[in-house]
Amino acid sequence: MQNLRVTIERGPDQPNAQREFDVPAQANQTVLDVVSWIQQNADPTLSYRFACRVGMCGSCAMMVNGVPRWTCRTHISKVLEGDSVTIGPLRNLPVIKDLAVDMDPFFDKWVAAEGVHHGALTRDDPIAPVDPAEAARGQADAGIECINCSVCYAACDTVTGNPDYLGPAALQRAWTLLNDSKDSARNAILEAVSGVGGCHNCHSIGSCTAYCPNDLDPLSAIAGLKRETAKSFFKRGR
Amino acid sequence: MLNLRLYMLQRLTALLMAPLVLGHLAVMIYAIQGGLSAAEILGRTQGSALWFTFYGTFVVAVSIHGAIGLRSILHEWAGLKGALLEAVMWLAGIGLFILGARAVWAVTFA
Ligand code: HEM
Ligand code: SF4
Ligand code: SF4
Ligand code: FES
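What follows is the structure, encoded as structure tokens:
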């Protein structure tokens, strides 16, 4: 194969921008390499986002043939249909330009789910021990490798249909903190995930878990939140 | 769009309906043995506190469950929200209750 036939879904404000590109095939080439080649060699007006190129920063996610993926860790040979591939902006988020989406709603919901550290100690207190063998710690550890890439958020049909829904990543972080012995805001977290956009809107279809590039399992984290909020409902009536 | 209270109401009514559905199926299979007649059905239900409670609970549960379920679908698939969504949910629930309660009343007291 000499050339890859690449289609880029350009922003709605650029009806005349070039969409079809022929990109030289390499023996070893990621989707992000393909996008970068186009921007550097064919059309410098193409906008996209990346930083680390090694699956750490979570900034390079795009729709590749309709599937949300981290493009820096996706080999092009894995996604080619014949010699063609279509690359578009991440689903469920507003497009800024071309392949760059506005991640603000994603991070705003992260905060709305109380996905922030709630410490109770000061610098004068002794360091609280964390027991790695504790069951709750295991639950917390299961979700802490999240890189905020929003792939799960793009994969979730409930987010598409229900714009208030906090989404899998934010709820998984809430579950992580709920199980973290260093976090002191249990009731605030339960409250935050029980509102109109909370975990109870999830239909447990599991696209989040199926598509997370880090093999995390937001579906089970959300099931955990549903369990804990149900217990709290019987105990406290809310 | 679904908060904890609506979620619990929908799941608890589903829990309530699961055995009722099985009971309902069992009665249907039992009732059609040797033909089915209105007189036979009414003979079982008329003035019966047991069947009134059985089907009455069913009607209340399905009104709540179905109305909340419809709410989810209408929000996610038709974009209904706010006061309109609330109104349609309540209308669906009250409508289901009237339809069901009328039938339960008829087979028990009429
Ligand atoms: C044994 C009886 C039943 C059980 C166990 C049951 C259970 C459930 C559950 C668990 C859901 C939530 C699905 C989700 O959100 O992902 C649901 C949704 C729903 N149910 Fe039922 N249900 C039962 C009977 C009925 C009946 C008789 C009706 C008709 C009135 C009904 C109408 C609905 C509707 C409209 C939804 C919304 C669909 C959705 O949210 O995905 N259900 N049901
Ligand atoms: S399981 Fe829940 S959070 Fe995950 S994709 Fe489905 S609806 Fe979204
Ligand atoms: S849970 Fe997975 S897919 Fe979702 S933001 Fe975190 S790393 Fe990305
Ligand atoms: S560029 Fe950082 S995760 Fe892909």
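Chains A and B are the protein sequences, given in the same order.
Counting in the numbering used here, the first sequence runs from 1358 upward without gaps.
Counting in the numbering used here, the second sequence runs from 60 upward without gaps.
Where is the CB? At the ideal position from N, CA and C, for every residue including glycine.
Note that the coordinates shown come from a computational prediction; the quantities given were computed from them, not determined experimentally.
The C-beta distance from Tyr1405 (chain A) to Ala1457 (chain A) rounds to 6 angstroms, short enough to fall under 8 angstroms.
For Ile1453 (chain A), no alpha helix (DSSP H) segment is defined; the enclosing uninterrupted segment is the beta strand (DSSP E) at 1452 to 1454. Closest by C-alpha distance to Asp1370 (chain A), out of A:Arg1543, A:Pro1451, A:Val1436, is A:Pro1451. Around the beta carbon of Ile1433 (chain A), 16 or more other beta carbons lie within 10 angstroms, which makes this residue buried. Going down the chain, each residue whose beta-carbon is closer than 7 angstroms to a heavy atom of ligand 4 shows up: A:Leu1389, A:Phe1407, A:Ala1408, A:Cys1409, A:Arg1410, A:Val1411, A:Gly1412, A:Met1413, A:Cys1414, A:Gly1415, A:Ser1416, A:Cys1417, A:Trp1427, A:Thr1428, A:Cys1429, A:Arg1430, A:Ile1504, A:Cys1506. Spatial neighbours of Asp1379 (chain A) in its own chain (CB-CB distance under 8 angstroms, excluding positions within 5 residues in sequence) are listed in chain order as Asn1360, Leu1361, Arg1362, Val1363. The secondary-structure analysis by DSSP pairs Phe1378 (chain A) across a beta bridge with A:Val1363.
The C-alpha of Gly1581 (chain A) lies about 24 angstroms from the C-alpha of Pro1462 (chain A). Nearest to Ala1497 (chain A) by C-alpha distance, out of A:Ala1549, A:Ala1399, A:Val1550, A:Leu1535, is A:Leu1535. The beta carbon of Glu1502 (chain A) sits closer than 6 angstroms to the beta carbons of Asn1571 from its chain, once the five residues preceding and following it are set aside; these are given in chain order. Listed by position along chain A, the residues whose Cβ is nearer than 7 angstroms to that of Leu61 (chain B) are His1557, Asn1558. When DSSP reads this structure, Ala1469 (chain A) sits in no beta bridge, so it has no partner. The beta-carbon of Tyr114 (chain B) is placed no less than 7 angstroms from the nearest beta-carbon of chain A. For Met1419 (chain A), the enclosing beta strand (DSSP E) covers residues 1418 to 1421. Using a Cβ distance threshold of 7 angstroms, Leu101 (chain B) and Thr1586 (chain A) do not count as a contacting pair.
With a cutoff of 6 angstroms, Asn1571 (chain A) counts as near ligand 3, since its C-beta is closer than that to a heavy atom of the ligand.
Under a criterion of Cβ atoms nearer than 7 angstroms, the residues of chain B adjacent to Phe1590 (chain A) are, in order, Leu63, Met67. If you check the C-beta of His134 (chain B) against ligand 2, you find no heavy atom less than 6 angstroms away. Distance from Tyr1510 (chain A) to Gly1524 (chain A) at the Cβ level is roughly 5 angstroms; contact confirmed, criterion being Cβ atoms closer than 8 angstroms.
Nearest in C-alpha terms to Ala1578 (chain A), of all of A:Lys1588, A:Ser1561, A:Lys1592, is A:Ser1561. Placement of the Cβ of Pro1525 (chain A) at a distance of less than 6 angstroms from at least one heavy atom of ligand 2 is found. Not a single heavy atom of ligand 2 lies less than 6 angstroms from the C-beta of Cys1556 (chain A).
Of the candidates B:Ala162, B:Met67, B:Leu61, B:Leu95, the residue whose Cα lies closest to the Cα of Gly115 (chain B) is B:Ala162.
Relative to ligand 3, the beta carbon of Cys1513 (chain A) is positioned no closer than 6 angstroms to any heavy atom. Annotation for Arg1406 (chain A): no beta strand (DSSP E) segment contains it, and DSSP assigns it neither H nor E.
In the DSSP assignment, Pro1425 (chain A) falls outside any alpha helix (DSSP H) and within the unbroken beta strand (DSSP E) covering 1424 to 1427.
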